[in-house]
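Visitor: Take this structure first; my questions come after.
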Amino acid sequence: MPSETITLNAAAERLGVHYMTAYRYVRTGRLPATKVGAEWRVEVRDVDALRSGAAGTASVGGPPPAGPGGGRRRRHDYDVRLQSRLLDGDEAGAWAIIESALTAGVEPEQMYLEVLAPAMARIGDDWAAGRVTVADEHRASVVMLRIIGRLGPRFSRRGRKRGTVVVGAPPGDHHGVPVALAADLLRGEGFVVVDLGADTPAWSFVDAARAADRLIGVGISATSSGNESNIAEAVAAIHAELDCPVVLGGRAVRAVEAGRALGADEVTSTAPELIEVFDRLAAARRGAS
Ligand code: B12
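Rendered as C-alpha cells:
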C-alpha cells in the first residue's frame, strides 16, 4: 500500500540535504519518485529508508539535520572554512578544504550548492554588513574561479550530448561566478555549455547561440539589480535574430512576472529549477525533431 507522499523539497528537508542532492537521488534511482504536473512526489517511507541508509554520512554545512538519524551525522562546516580561505586569497588552503570534502564523499553538485555557493553568499553578507571590502570580494572571487576550474572536469559526462546551452551574465553585470557554477551543473546533466562569463554584450549572446550545435536555449544569469534595461536589450536581441527560448534567472530576477516583463520565455531562481527548465526544453526539442 502506498504511504503518504511529499514534495521533493520536503523530502530534501527530511533528509537534511540540499534540494539538488535529493533531485540527484531521484535521477540516479536511489529515491523512487513520480512526477505530478511539474512537481516530483516521493513516498515518506522511501525517504525514511534512504535516510536510515544514509545515517553516518557527512552533512556538509549549515545546521545539523533534524529528526531521527540526523544526530548521527558529522557536521563539517566546509562552507565556513572555505569562506575564510577565500577571503585570505589562499588558494592552496581553499583547495585543501575541497579535497577533504571530496574524500569525505561530497559529490560535485553538492559541493557547488552546499559549499561553494554558501561560502560566496556569506562573503556578500559580510560585505553588506561592512565587514569585508570590495577588494576582499575580488580576491575571493579569483580564488573561487580557480577552484571551479579544478572541479569543472568532474562534471563532464560521457556519451551523446543533449544539445548546447549558451549562458552568460547580461551587459553591466560583473557576476561571472554564478554563471560558471550553473554552467558546470548543466554540463553534469549532459549539455554542451558555452559559458560567456560576466558582462556579456547583447550581440555576443546572439553570435554564440548562432554558432551552437543543436541549440537548446540561451540562459541569462542576472545577479545585479537595477540592470533591467540591459537585460531586456539582450533578450530582445536574441529573439530578434534567433528562434530559441531565453531562460532568465539569478538572484536579481526571482519573480516570474518580472522576468517575463523583460521578455524571457522561462524564469528560474535556483540552479535546480534551471536544470529542470533545460531538461524540459531539451525534451521538447527532441519531440519536435
Ligand atoms: C563575488 C561577488 C561580487 C564580485 C563578482 C566576481 C565574479 N567574478 O563573479 C564583484 C566584486 C565583481 C562584485 C561586484 C558587485 N557586487 Co557583488 N557579490 C558577490 C557575491 C559575494 C557572490 C556572488 C556569487 O558568486 N554568488 C554565488 C552564486 C552561486 O550565487 P547564486 O545567485 O545562488 O547563483 C546561482 C543562481 O543564480 C542560479 N541560477 C538561477 N537561475 C539561473 C538562470 C541562469 C540562466 C543561470 C546561468 C544561472 C541561474 O545559478 C547559480 C548557481 O547555483 C554576492 C553575494 C551573494 N549572495 O551572491 C554579491 C552581490 C551579488 N553583489 C552585490 C553588489 C551590491 C555588488 C556591487 C554593486 C558592489 C560590490 N559589492 O562590489 C558590484 C556590482 C558590479 C556589477 N556591475 O555587477 C549585491 C547585490 C545586491 C543587489 N540586489 O543587486 C550582493 C548580493 C551582495 C550583498 N549581499 O548585497 N560582486
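Note that the working numbering gives residue 892 to position 29 of the sequence shown, counting from 1, and the numbers run on in steps of one.
From the three backbone atoms N, C-alpha and C, an ideal C-beta is built for every residue, glycine too.
Quick one: does the C-beta of residue 1044 sit closer than 7 Å to a heavy atom of the ligand B12?
Guide: Result yes, Cβ under 7 Å from the ligand B12.
Visitor: Report all residues from its chain with a CB closer than 6 Å to the CB of residue 1122; omit the five preceding and five following residues, and keep chain order.
Guide: Counting only Cβ-Cβ distances below 6 Å, and skipping sequence neighbours, we find 1111, 1116, 1130.
Visitor: Excluding sequence positions up to five away, which residues of its chain have a Cβ less than 8 Å from the Cβ of residue 1060?
Guide: Once the five neighbours on either side are set aside, the close Cβ partners of residue 1060 are 1031, 1032, 1039, 1042, 1043.
Visitor: Taking the C-alpha atoms as reference points, what is the distance between residue 921 and residue 1071?
Guide: Low local confidence applies: a pLDDT of 47 at residue 921 is under 50, so the model's placement there is unreliable, and no value is given.
Visitor: What did DSSP end up calling residue 1092 once you bin it into helix, strand or coil?
Guide: Looking at residue 1092 - three-state DSSP - the assignment turns out to be helix.
Visitor: Is it buried or exposed, residue 1008, if we count other Cβ atoms within 10 angstroms and call 16 or more buried?
Guide: Under this definition residue 1008 is an exposed residue.
Visitor: Say yes only if the C-beta of residue 974 is nearer than 7 Å to one or more non-hydrogen atoms of the ligand B12, and no if none qualify.
Guide: Residue 974: no, Cβ never under 7 Å from the ligand B12.
Visitor: Can you give me the Cβ contacts of residue 1097 inside the same chain, cut-off strictly under 7 Å, excluding the 5 residues immediately before and after it?
Guide: Excluding sequence neighbours, residue 1097 sits near 1033, 1034, 1065, 1068, 1083.
Visitor: Just the C-alpha distance for residue 1113 and residue 1132, rounded to the nearest angstrom, thanks.
Guide: Each residue's Cα considered, the two are about 5 Å apart.
Visitor: Need the endpoints of the beta strand (DSSP E) that residue 1012 sits in, please.
Guide: Per DSSP, residue 1012 belongs to no beta strand (DSSP E); it is in the alpha helix (DSSP H), 997-1014.
Visitor: Measuring alpha carbon to alpha carbon, tell me which of 972, 884, 1026, 1037 ends up nearest residue 1000.
Guide: Taking only the C-alpha atoms, the option nearest residue 1000 is 1037.
Visitor: Give me whichever residues DSSP pairs with residue 906 in a beta bridge.
Guide: According to DSSP, which records beta bridges pairwise, residue 906 is partnered with 868.
Visitor: Buried or exposed: which applies to residue 1058, given that a residue is buried once 16 or more other Cβ atoms fall within 10 Å of its Cβ?
Guide: Answer is buried; the Cβ neighbour count reaches 16.
Visitor: For residue 906, tell me which candidate among 884, 880, 872, 984 has the shortest Cα-Cα distance.
Guide: Nearest of 884, 880, 872, 984 to residue 906, Cα basis: 872.
Visitor: Are the beta-carbon atoms of residue 973 and residue 884 separated by less than 8 Å?
Guide: Yes.
Visitor: Do you know offhand how far residue 1022's Cα is from residue 966's?
Guide: For residue 1022 and residue 966, the distance between alpha carbons rounds to 26 Å.
Visitor: If contacts are defined as beta-carbon pairs under 8 Å, then residue 961 and residue 1014 qualify, I think. What distance do you get, rounded to the angstrom?
Guide: Confirmed, Cβ separation roughly 7 Å.
Visitor: Is residue 1000 near the ligand B12, with its Cβ less than 7 Å from a heavy atom?
Guide: Result yes, Cβ under 7 Å from the ligand B12.
Visitor: Below 8 Å, how does it come out for the stretch 990-997 and the stretch 1046-1054: are there three or more Cβ pairs, yes or no?
Guide: Segments in contact, no.
Visitor: Quick one: residues in its chain with C-beta nearer than 6 Å to the C-beta of residue 929, no 5 flanking neighbours on either side, listed in chain order?
Guide: A caution first: residue 929 carries a pLDDT of 42, below 50, which makes its placement in the model too unreliable to give a value.
Visitor: Would you say the beta carbon of residue 1050 is closer than 7 Å to some non-hydrogen atom of the ligand NAP?
Guide: Of the ligands one can find in the structure shown, namely the ligand B12, none is the ligand NAP.
Visitor: Taking residue 1139 as part of the alpha helix (DSSP H), name the residues at either end of that continuous run.
Guide: From DSSP, the alpha helix (DSSP H) with residue 1139 extends over 1134-1151.
Visitor: Going by alpha carbons, who is nearest to residue 868 out of 1151, 894, 971?
Guide: Ranking the options by Cα distance to residue 868, first place goes to 894.
Visitor: Give every residue of the same chain whose Cβ lies closer than 7 Å to the Cβ of residue 1108, excluding the five residues on either side of it in the sequence, and list them in chain order.
Guide: Closer than 7 Å at Cβ, skipping near neighbours: 1080, 1128, 1129, 1144.
Visitor: Any idea if residue 901 is buried or exposed, counting beta-carbon neighbours within 10 angstroms, 16 or more meaning buried?
Guide: That one is exposed.
Visitor: Considering residue 1129, what are the terminal residues of the alpha helix (DSSP H) in which it resides?
Guide: First-last for residue 1129: 1129-1131, but that is the beta strand (DSSP E), not the alpha helix (DSSP H).
Visitor: Please give me, in chain order, every unbroken run of the beta strand (DSSP E) with length at least 3 that falls completely inside the stretch 1011-1049.
Guide: Fully enclosed beta strand (DSSP E) runs of 3 or longer: 1027-1031.
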